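Number of protein chains: 2
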Amino acid sequence: MEIAILLFDGTTHLDSVGPYEVLHNLPEADVKFVAKKTGVYRDRCGMLGLHADFTLNDVTAPDILVVPGGGGADGAAEDPEITDWVAEVHKATTWTTSVCTGALILGGAGVLNGLKATTHWRAMETLQSYGAEPTRERVVQQGKVITAAGVSSGIDMALTLTAEIAGEEVAKAVQLGIEYDPQPPFDAGDYTTAPDERIALWRSGINKTKR
Amino acid sequence: MEIAILLFDGTTHLDSVGPYEVLHNLPEADVKFVAKKTGVYRDRCGMLGLHADFTLNDVTAPDILVVPGGGGADGAAEDPEITDWVAEVHKATTWTTSVCTGALILGGAGVLNGLKATTHWRAMETLQSYGAEPTRERVVQQGKVITAAGVSSGIDMALTLTAEIAGEEVAKAVQLGIEYDPQPPFDAGDYTTAPDERIALWRSGINKTKR
Numbered sequence: 248m249e250i251a252i253l254l255f256d257g258t259t260h261l262d263s264v265g266p267y268e269v270l271h272n273l274p275e276a277d278v279k280f281v282a283k284k285t286g287v288y289r290d291r292c293g294m295l296g297l298h299a300d301f302t303l304n305d306v307t308a309p310d311i312l313v314v315p316g317g318g319g320a321d322g323a324a325e326d327p328e329i330t331d332w333v334a335e336v337h338k339a340t341t342w343t344t345s346v347c348t349g350a351l352i353l354g355g356a357g358v359l360n361g362l363k364a365t366t367h368w369r370a371m372e373t374l375q376s377y378g379a380e381p382t383r384e385r386v387v388q389q390g391k392v393i394t395a396a397g398v399s400s401g402i403d404m405a406l407t408l409t410a411e412i413a414g415e416e417v418a419k420a421v422q423l424g425i426e427y428d429p430q431p432p433f434d435a436g437d438y439t440t441a442p443d444e445r446i447a448l449w450r451s452g453i454n455k456t457k458r
Numbered sequence: 248m249e250i251a252i253l254l255f256d257g258t259t260h261l262d263s264v265g266p267y268e269v270l271h272n273l274p275e276a277d278v279k280f281v282a283k284k285t286g287v288y289r290d291r292c293g294m295l296g297l298h299a300d301f302t303l304n305d306v307t308a309p310d311i312l313v314v315p316g317g318g319g320a321d322g323a324a325e326d327p328e329i330t331d332w333v334a335e336v337h338k339a340t341t342w343t344t345s346v347c348t349g350a351l352i353l354g355g356a357g358v359l360n361g362l363k364a365t366t367h368w369r370a371m372e373t374l375q376s377y378g379a380e381p382t383r384e385r386v387v388q389q390g391k392v393i394t395a396a397g398v399s400s401g402i403d404m405a406l407t408l409t410a411e412i413a414g415e416e417v418a419k420a421v422q423l424g425i426e427y428d429p430q431p432p433f434d435a436g437d438y439t440t441a442p443d444e445r446i447a448l449w450r451s452g453i454n455k456t457k458r
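As they're listed, the protein sequences go chains A and B.
If you count by the numbering used here, then the first sequence holds residues 248 to 458, one letter each, in order.
If you count by the numbering used here, then the second sequence holds residues 248 to 458, one letter each, in order.
1. Quick one, are the C-beta atoms of V346(A) and G401(A) less than 8 Å apart?
2. State the beta-bridge partners of S400(A) as determined by DSSP.
3. Note down, in chain order, all residues in the stretch 283-302 of chain B with a beta-carbon under 7 Å from any beta-carbon belonging to chain C.
4. When the Cα atoms are used, what is the spatial distance from A395(A) to V387(A)?
5. Tell whether a beta-carbon distance below 8 Å holds between F433(B) and A276(A).
6. Tell me, which residues are paired with R289(B) by DSSP?
7. Considering only their Cβ atoms, is the gap separating G354(B) from A323(B) smaller than 8 Å?
8. To test your reading of the DSSP string, which unbroken alpha helix (DSSP H) runs of 4 or more residues are found completely within the stretch 377-421 of chain B?
9. Under three-state DSSP, which class holds E426(B)?
10. What residue does the alpha helix (DSSP H) around L303(A) start on, and which one ends it?
11. Residues of chain B with CB under 9 Å from Q388(A), in chain order?
12. Using 8 Å for Cβ pairs, my map puts F280(A) next to D300(A). What's the rounded Cβ distance?
13. For P274(A), would you say it is in contact with chain B, using Cβ-to-Cβ distances shorter than 8 Å as the test?
14. Can you check whether the CB of A364(A) is closer than 8 Å to the CB of T382(A)?
15. Given this structure, state the Cα-to-Cα distance separating Y438(B) from I446(B), to the nearest angstrom.
16. Quick one: which residues of the stretch 411-423 of chain B get their C-beta closer than 9 Å to a C-beta of chain A? List them in chain order.
17. Could you check what DSSP says for D321(B) in three-state terms: helix, strand or coil?
18. Give the single residue among T259(A), M248(A), E249(A), F255(A) whose Cα lies nearest to the Cα of G424(B).
19. I want to verify the contact list: residues of chain A whose CB lies under 9 Å from the CB of R385(B), in sequence order.
20. Does DSSP put E275(B) in a helix, in a strand, or in coil?
21. Give the range of the alpha helix (DSSP H) segment to which V368(A) is assigned.
22. Could you name the residues that DSSP lists as bridge partners for E249(A)?
23. Are the beta-carbon atoms belonging to V278(B) and I252(B) less than 8 Å from one another?
24. Which same chain residues end up closer than 7 Å to A356(A) when comparing Cβ atoms and leaving out the 5 residues on each side of it in sequence?
25. Identify the residues that DSSP records as bridge partners of A282(A): which are they?
26. Please confirm if A364(A) has its CB atom under 8 Å from at least one CB of chain B.
27. Could you pull out every residue in the same chain whose Cβ sits closer than 6 Å to the Cβ of E472(A), ignoring the five residues on either side in sequence?
28. Note the first and the last residue of the continuous alpha helix (DSSP H) segment covering I329(B).
29. Can you pull the chain B neighbours of H367(A), defined as C-beta to C-beta under 7 Å?
30. Closest to G318(A) by CA distance: which of R291(A), T302(A), T366(A), R450(A) is it?
31. Starting from V398(B), find everything on chain A with Cβ-Cβ shorter than 7 Å and list it in chain order.
32. Which bits of chain A does G265(B) rub up against, with CB to CB less than 7 Å?
33. Which residues bound the alpha helix (DSSP H) around I453(B)?
34. By how many angstroms is the C-alpha of L312(A) removed from the C-alpha of Q430(A)?
35. Does DSSP classify V346(B) as helix, strand or coil?
36. Can you pull the chain B residues whose beta carbon is under 7 Å from the beta carbon of H337(A), in chain order?
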């Protein structure tokens, strides 16, 4: 089972590493980090780099596609080299998925037209501009297309997908393996209940350091 | 604020990327991925590589140390080049932390002697052999030393640490930013309630593919 995870400049890496740590346990999974060129792809602040081992040309018919988001996703959603590839491999996939603003890239590829979908809360309006119907669930499934909300939601999405593919017992064993028994110290992850001051604090960019 | 995250061959990358996505938002945080040599460090199955930008010699007095685990942690805990560095920088840190079997590396460096600590459930006995008192909480704080349970627990740990350093409102804004409102599809992440068959399934290695 070939699983392609897309990288681009300005990827938020938890968007991909969360699902990766779940999905690479699927029986016979061969996960390929894919980008326009092989090499290290950094997040927006430049402090973390993941290595893409394969080019877009190397991976043409993955069983599963995972598209992460991040600050660079808005640009990637308008990059024909990326969106043409997404549109093309989507024809072959069994599952096409996104995390966070990765949904914008699916949108740019025409995958979400007329579908319910979700993304990071900051990008709901942009998502709509791609013809999707923004939905405030954490994981939204429409046929073979699954979109997940911001960043950390990819773990929940990938466990749901693992159960679909390999059954609940495998999904539960993987959940046990990554000890995913979340105990966040605060109840502050839901946009719909966040006070305006907190949203403004996040949007202001708390740490402005870049490298 | 300098934050050092250790890499080694066979790191489980969610152990570090989870905390990273939280901690890199701390005001003036400068996060450095550190290893024996610069370059790409792969997880045990070889499918995911993170780039270490700094050598151990480059980073001698970080404010925060984060030590992830993984299949390679048992060996790293017995590698004097790594454990000597951990022991040395621990003298300078404000916070010394581990995720998953990263606790074994702290143990190998003598940091956990006589302290309550936690790790991935598979390594509780090994942890004890390093003089720690294994504890079944998800995040265990002993003075400036914080250990977290398996893999995904690093997100919870890092949010707790963010609140300690920058206050609850910053931690809540970061939690909102990564949309950490976990909704696991199953209640299967807690080792103490897992049936033996599920533990055996995980231990058997569901996907044996390596690259």
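Even for Gly, the Cβ is constructed at its ideal location relative to N, Cα and C.
Model, not experiment: these values are computed from the prediction.
Quick look at the numbers:
1. yes
2. Paired residue(s): none; S400(A) is not in a bridge.
3. The structure shown contains no chain C; the protein chains it does contain are A and B.
4. 6 Å
5. no
6. G296(B)
7. no
8. 400-413
9. coil
10. Where L303(A) is concerned, there is no enclosing alpha helix (DSSP H), given that its DSSP letter is neither H nor E.
11. Near Q388(A) there are no residues of chain B at all, since even the closest Cβ is about 12 Å away, more than 9 Å.
12. 6 Å
13. yes
14. yes
15. 8 Å
16. A413, E415, E416, V417, A418, K419, A420, V421, Q422, L423
17. helix
18. T259(A)
19. E426, D428, P429, Q430
20. coil
21. For the sequence presented, residue 368(A) should be read as Trp rather than Val. Here W368(A) belongs to no alpha helix (DSSP H), and DSSP marks it neither H nor E.
22. D277(A)
23. yes
24. T330, V333, A334, H337
25. T302(A)
26. no
27. Because chain A in this structure spans residues 248 to 458, residue 472(A) falls outside the shown range and cannot be described.
28. 327-339
29. E426
30. R291(A)
31. E268, I425, E426
32. L261
33. From DSSP, I453(B) is part of no alpha helix (DSSP H); its letter is neither H nor E.
34. 29 Å
35. strand
36. Per Cβ cutoff of 7 Å: no residues; H337(A) is ~22 Å from chain B at best.
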